[in-house]
Structures are given as C-alpha cells and as structure tokens.
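A.B. asks: I'd like to ask you about the structure that follows.
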Amino acid sequence: MKKILILTLSLMFSLSFSQGKLYINNYSVYDLTMRLAANSPTGCNPSAIASLTYPASTQDSIVNFNSSLPYIDQWSVRLSPTGNALTQPVPSGLLTTISPLTRWSFAWFQTRYAGTSNQTPDLDFQMGDPSAFPTCGISGSTFVDGSLSDAFWFYIPSENATYLVVQ
C-alpha cells in the first residue's frame, strides 16, 4: 500500500510540473517564420529558444522540446542569466531535464507567402503573456490584429496547454 501511495504521489508531482503542450494552429494561407521560447515561470531560467518555419494551413502540437521535430531540430538553452547559451540537438538529455521546469512563454513570427521566403506586408507578431512571466522581460501580446492575419496566444491551466492560433 505504501509503495502505491508513493508511486501515485510521484506521478502527480511529475505531471504537475510538466512543460505542457504547445498547440500551433495556423489556419492562414501563410507560412510562419518563428522564434519560439520557453522559460521557467519562477525566475526565467532555465530557458530555451529555437527558430522554425511553420507551414500554412497546419495544425500540430509540440509536447516538449524533444518532440519538436520536424519543425525544430535544435534548441538554444540558457541555464542561468550569466551563462552562455548551449546548443542542444533534438533529442537531448538536457532538454529532457529542463522540460518540466519551463512553460511556453513567447512566439515572435512573421508571415511569409507559402512555399517562399518572401515576407508579406503584414506586421511582426510578438505573442505571449507578459503577466505570466513578470520578471523575464517578455513583451508579447495575447492578441495581435494584423493587416492580413491575426493571432491569439492563451494558456489553459487545467490542460497545462498553451495555444497559438493564427488566422
């Protein structure tokens, strides 16, 4: 009985501190050239940032750093405010270690004409919720209304899931 209780508590603890999924729903006809970040909500570090191109008309999720293929094949990880960033390929033991300590914090993207590197005349989208990371200097918005598309960023605590919706 004691072992079952310990196992149950361990499982609950690990689930309560998991990174959570990031759902990216790009309903637009544009590719998204993006920088994506995750930070510790209790002090900013560890943090991870990566660049990616997300295709037009694509809906997918990233469960954690190590499941970010095919969109992201490496992350830049910072463990302290003064330390150098470490490049980590996917998969990586360090990414596994920091995953439960972070939450998706920010996405900065530009829209591109699908299948090209040509930027649209739409604005730069800086998505995130600065109130969730008050000491990290994140300057994103939860809603941005562009000229060709608009975007929403929101977090659902009961699901431990962050959503980026572009339409």
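Count the sequence shown with mature numbering (1 follows the signal peptide of the UniProt record, and there is no 0) and you get residues -18 to -1, 1 to 149, in order.
Cβ coordinates follow ideal geometry from the N, Cα and C atoms, glycine included.
(1) What first and last residue would you give for the beta strand (DSSP E) that runs through GLY110?
(2) How many angstroms separate the CA atom of ARG85 from the CA atom of ASP55?
(3) Rounded to whole angstroms, what is the Cα-Cα separation between ASN21 and LEU4?
(4) Counting pairs of Cβ atoms below 8 Å between the region 59 to 77 and the region 113 to 121, do you hit three or more?
(5) What is the rounded straight-line gap between the Cα of PRO23 and the Cα of TYR95?
(6) Mapping DSSP to helix, strand and coil, what is TYR9?
(7) Which one or two residues does DSSP pair with CYS118 in a beta bridge?
(8) How is THR69 classed by DSSP in three states: helix, strand or coil?
C.D. replies: Put simply:
(1) Residues 107 to 110.
(2) Distance from the CA atom of ARG85 to the CA atom of ASP55, rounded to whole angstroms, is 19 Å.
(3) Put simply, the backbone Cα of ASN21 is about 13 Å away from that of LEU4.
(4) No, they do not touch.
(5) Those two C-alpha atoms are separated by around 34 Å.
(6) Secondary structure of TYR9 (DSSP, three-state): coil.
(7) None; CYS118 has no bridge partner.
(8) Note: THR69 maps to strand in three-state DSSP.
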